[in-house]
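Since the structure comes first, as structure tokens, the remarks are kept for the end.
2 protein chains.
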Amino acid sequence: MGYRENPRPGGRSARVQAAVHQSVRDMLATMDRADVTIPLIAQRANVTPSTIYRRWGDLQALLADVAASHLRPEGEPASIGSAREDLAAWVEQYADEMASGLGRQMLRDVLAAADSANAEKCGTYMRCQLSVFIARAEACGEPFPTLTELMDHVISPIIYRILFDQAPDSDYVRGLVTKVMPESTART
Amino acid sequence: MGYRENPRPGGRSARVQAAVHQSVRDMLATMDRADVTIPLIAQRANVTPSTIYRRWGDLQALLADVAASHLRPEGEPASIGSAREDLAAWVEQYADEMASGLGRQMLRDVLAAADSANAEKCGTYMRCQLSVFIARAEACGEPFPTLTELMDHVISPIIYRILFDQAPDSDYVRGLVTKVMPESTART
DNA sequence: TCCACTAACGCAAATTATTTGCTTTTATAC
DNA sequence: GTATAAAAGCAAATAATTTGCGTTAGTGGA
Numbered sequence: 001m002g003y004r005e006n007p008r009p010g011g012r013s014a015r016v017q018a019a020v021h022q023s024v025r026d027m028l029a030t031m032d033r034a035d036v037t038i039p040l041i042a043q044r045a046n047v048t049p050s051t052i053y054r055r056w057g058d059l060q061a062l063l064a065d066v067a068a069s070h071l072r073p074e075g076e077p078a079s080i081g082s083a084r085e086d087l088a089a090w091v092e093q094y095a096d097e098m099a100s101g102l103g104r105q106m107l108r109d110v111l112a113a114a115d116s117a118n119a120e121k122c123g124t125y126m127r128c129q130l131s132v133f134i135a136r137a138e139a140c141g142e143p144f145p146t147l148t149e150l151m152d153h154v155i156s157p158i159i160y161r162i163l164f165d166q167a168p169d170s171d172y173v174r175g176l177v178t179k180v181m182p183e184s185t186a187r188t
Numbered sequence: 001m002g003y004r005e006n007p008r009p010g011g012r013s014a015r016v017q018a019a020v021h022q023s024v025r026d027m028l029a030t031m032d033r034a035d036v037t038i039p040l041i042a043q044r045a046n047v048t049p050s051t052i053y054r055r056w057g058d059l060q061a062l063l064a065d066v067a068a069s070h071l072r073p074e075g076e077p078a079s080i081g082s083a084r085e086d087l088a089a090w091v092e093q094y095a096d097e098m099a100s101g102l103g104r105q106m107l108r109d110v111l112a113a114a115d116s117a118n119a120e121k122c123g124t125y126m127r128c129q130l131s132v133f134i135a136r137a138e139a140c141g142e143p144f145p146t147l148t149e150l151m152d153h154v155i156s157p158i159i160y161r162i163l164f165d166q167a168p169d170s171d172y173v174r175g176l177v178t179k180v181m182p183e184s185t186a187r188t
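Heads up: the protein sequence lines correspond to chains A and B, in order. UniProt numbering applies: residue 1 is where the first sequence begins, and numbers increase by one. UniProt numbering applies: residue 1 is where the second sequence begins, and numbers increase by one.
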């Protein structure tokens, strides 16, 4: 009677989910958000509206689901130089992506849903990614901030500005990373 | 043909706005958010649904408007002791309020709206309030963080946690304030 | 004071979205 | 294979949203 969180891959349920997600992504990329409705999404995905209503509940929940799955990291962040440099590059790209129109909308969709599960998922994704840098630094004996320091003093200010203020620029983001580094490993 | 942002006080338009806002606040306080609909709000406010649709557009916009107006500071923060102590007390209360179910919902409502105007308003309110503490400290010659430091290292982490993680507790909030103070004015 | 003007409201019909009961399909386990 | 149950389809019923048009109530000028 209930819908499973993660449908078995290859099954009908998984195909429907993929089709609906794809349909949503296409529509968000090409049309005005106000025109994205469940009946339209259903039509594009070759699915009945009631299927979507029963599975996701409402448009906000569906958009939050799509946004969260897009926000899930696809792989390990690149390892080019020191952990500090890798982190700086990764954070800068992340900030750019989130500050863009689409990124901003994804953040909003994730937050707008009645259920906070998707928002918490995003927080978890973020901590996982940052942990990779911390582990690398530790492996090299490179001094590095803690996870809490990174979340509080780098990620939080970036997200806050995107949500409540103007998008942060690159200089600002680099400054945050520099300031959080221990023992003034600073450069630039 | 357009609706004015700030209706003249005492006019019919202002009365309708007040009635609708009141109706929304009552409903949010007493019933499940999923049951709060525009037709219901209209009925309680003795107004036609079409009036609300024409004026606000949709439910999200109306909720964002109500939330933002509730988030507007009502007066200067209390001045009991040093600027540092006043700030700590004020921030702690702010964090508590935002972390509560209703506070959290207000943040979400403000962010969920298609128009980011209300979210930016909230950012502005916050900077105004913090500026008061900064001005007081300066008047007393008390060393104090800058506005940017307060926004980035105190407010942002609190809001981020509320939105994407678990609600921050008092100890954590006090720690943020302590850490941002210059020259280790720290105590407890 | 009265009149013209217009923003904002009310009403109701038309449209569109959402819910729901019931049936059918399709993976999965036996 | 067959039984089972989750999930999809279909269609009728309900609820929300949009819209055209007439009415009301503040505003400003004679």
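Idealized CB from N, CA, C, for every residue including glycine.
Practice task
Check whether the Cβ of residue 143(B) lies closer than 8 angstroms to any Cβ atom in chain A.
Solution key: Interface with chain A (8 angstroms Cβ-Cβ cutoff): residue 143(B) is excluded.
Exercise for the section: Pick helix, strand or coil for residue 151(B), following the three-state DSSP scheme. Expected result: Residue 151(B) falls in the helix class under three-state DSSP.
Problem - Within the stretch 99–169 of chain A, ranges of the alpha helix (DSSP H) (whole runs, at least 4 residues) - result: Runs found: 101–112, 117–140, 147–150 and 156–164.
Practice task
From the DSSP output, in three-state form, read off residue 94(A) for me.
Solution key: Residue 94(A): helix per DSSP, three-state reduction.
Exercise for the section: Let me know the secondary structure DSSP gives residue 27(A) once reduced to three states. Expected result: Residue 27(A) sits in a helix when the DSSP states are folded into three classes.
Problem - Inter-residue CB distance, residue 109(B) and residue 63(B) (contact presumed, cutoff 8 angstroms) - result: That belief holds up - the Cβ atoms of residue 109(B) and residue 63(B) are roughly 4 angstroms apart, short of 8 angstroms.
Problem - C-beta contact flag for residue 137(B) and residue 60(B) at 8 angstroms - result: Not in contact: residue 137(B) and residue 60(B) (Cβ atoms no closer than 8 angstroms).
Practice task
Identify the continuous alpha helix (DSSP H) that holds residue 50(B) and give its terminal residues.
Solution key: 49–56 is the extent of the alpha helix (DSSP H) around residue 50(B).
Handout entry: Minimum Cβ-Cβ distance from residue 108(A) to chain B less than 8 angstroms
Key = Using a Cβ-Cβ cut-off of 8 angstroms, residue 108(A) counts as an interface residue toward chain B, since at least one Cβ of chain B sits closer than that to its own.
Handout entry: Candidates 65(A), 87(A) and 168(A): closest to residue 191(A) by CA position
Key = Absent from the structure is residue 191(A), since the part of chain A shown begins at 1 and ends at 188.
Handout entry: residue 80(B) in three-state terms, based on DSSP
Key = Residue 80(B) sits in coil when the DSSP states are folded into three classes, being neither helix nor strand.
Handout entry: Spatially closest choice to residue 66(B) from 52(B), 76(B), 79(B) and 78(B), by CA coordinates
Key = Closest in C-alpha terms to residue 66(B), from the list 52(B), 76(B), 79(B) and 78(B), comes 52(B).
Practice task
Please check if any C-beta of chain B sits within less than 8 angstroms of the C-beta of residue 112(A).
Solution key: Yes, residue 112(A) lies at the interface with chain B (some Cβ there is under 8 angstroms from its Cβ).
Problem - Helix, strand or coil at residue 85(A) [DSSP, three-state] - result: Note: residue 85(A) maps to helix in three-state DSSP.
Problem - Same chain, Cβ closer than 8 angstroms to residue 80(B), five either side skipped, listed in chain order - result: Correct list, in chain order: 86 and 89.
Practice task
Can you give me the Cβ contacts of residue 122(B) inside the same chain, cut-off strictly under 7 angstroms, excluding the 5 residues immediately before and after it?
Solution key: Setting aside the 5 residues that flank it on each side, residue 122(B) is surrounded in the same chain by 68, 71 and 110, each with a C-beta closer than 7 angstroms to its C-beta; the list follows chain order.
Problem - Close Cβ partners of residue 1(A) (< 6 angstroms) along its chain, the five nearest in sequence each way excluded - result: Only weak support is given to the placement of residue 1(A): the predicted model assigns it a pLDDT of 45, under 50, and the question is left unresolved by the model.
Problem - Contact with chain B by residue 61(A), beta-carbon distance below 8 angstroms - result: The beta carbon of residue 61(A) does not come within 8 angstroms of any beta carbon belonging to chain B, so the residue lies off that interface.
Handout entry: Closer than 8 angstroms to chain A by CB, residue 163(B)
Key = It does; some Cβ of chain A falls within 8 angstroms.
Problem - Alpha-carbon to alpha-carbon, residue 16(A) and residue 130(B) - result: Each residue's alpha carbon lies about 50 angstroms from the other.
Practice task
Please report the residue range of the alpha helix (DSSP H) in which residue 65(B) lies.
Solution key: Element bounds for residue 65(B): 59–71.
Problem - Host alpha helix (DSSP H) of residue 42(B) (start-end) - result: Per DSSP, residue 42(B) is one residue of the alpha helix (DSSP H) stretching across 38–44.
Practice task
Using three-state DSSP, classify residue 8(B) as helix, strand or coil.
Solution key: Reduced to three states, the DSSP call for residue 8(B) is coil.
Exercise for the section: Please classify residue 183(A): does DSSP put it in a helix, a strand, or coil? Expected result: Under the three-state reduction of DSSP output, residue 183(A) falls in the helix class.
Practice task
Work out the CA separation of residue 55(A) and residue 97(A) for me, nearest whole Å.
Solution key: Their Cα atoms are separated by approximately 29 angstroms.
Handout entry: Exposure label - residue 84(A); buried when at least 16 CB within 10 Å
Key = Residue 84(A) counts as buried, since no fewer than 16 other beta carbons sit within 10 angstroms of its beta carbon.
Exercise for the section: Output the distance between the C-alpha atoms of residue 162(A) and residue 158(B), rounded to the nearest integer angstrom. Expected result: Going by the C-alpha atoms only, they are around 15 angstroms apart.
Exercise for the section: List the residues of chain B whose Cβ lies closer than 7 angstroms to the Cβ of residue 44(A), in chain order. Expected result: In chain order: nothing, as chain B lies at least about 21 angstroms away.
Handout entry: Length of the line joining the Cα atoms of residue 101(B) and residue 28(B)
Key = Whole-angstrom Cα-Cα distance: 11 angstroms.
Handout entry: Counted within 10 angstroms of its Cβ, other Cβ atoms place residue 3(A) as buried (16 or more) or exposed
Key = Counting Cβ neighbours within 10 Å, residue 3(A) comes out exposed, since fewer than 16 surround it.
Exercise for the section: Tell me, please, whether the CB atom of residue 120(A) is closer than 8 angstroms to any CB atom in chain B? Expected result: Interface residue (Cβ-Cβ distance to chain B less than 8 angstroms): residue 120(A) is classified as such.
Problem - DSSP state of residue 171(B) mapped onto helix, strand, coil - result: DSSP places residue 171(B) within a helical segment (H, G or I) once states are collapsed to three.
Problem - Secondary structure of residue 32(B), DSSP reduced to three states - result: In this structure, DSSP gives residue 32(B) a state outside helix and strand, which the three-state scheme calls coil.
Handout entry: Cut-off 6 angstroms between Cβ atoms - residues of its own chain near residue 18(A), not counting five sequence neighbours on either side
Key = Once the five neighbours on either side are set aside, residue 18(A) has no close Cβ partner at all.
Exercise for the section: May I ask you to report which of helix, strand or coil DSSP gives residue 1(A)? Expected result: Any reading at residue 1(A) is ruled out, since the residue's pLDDT is 45, under 50, leaving its predicted position unreliable.
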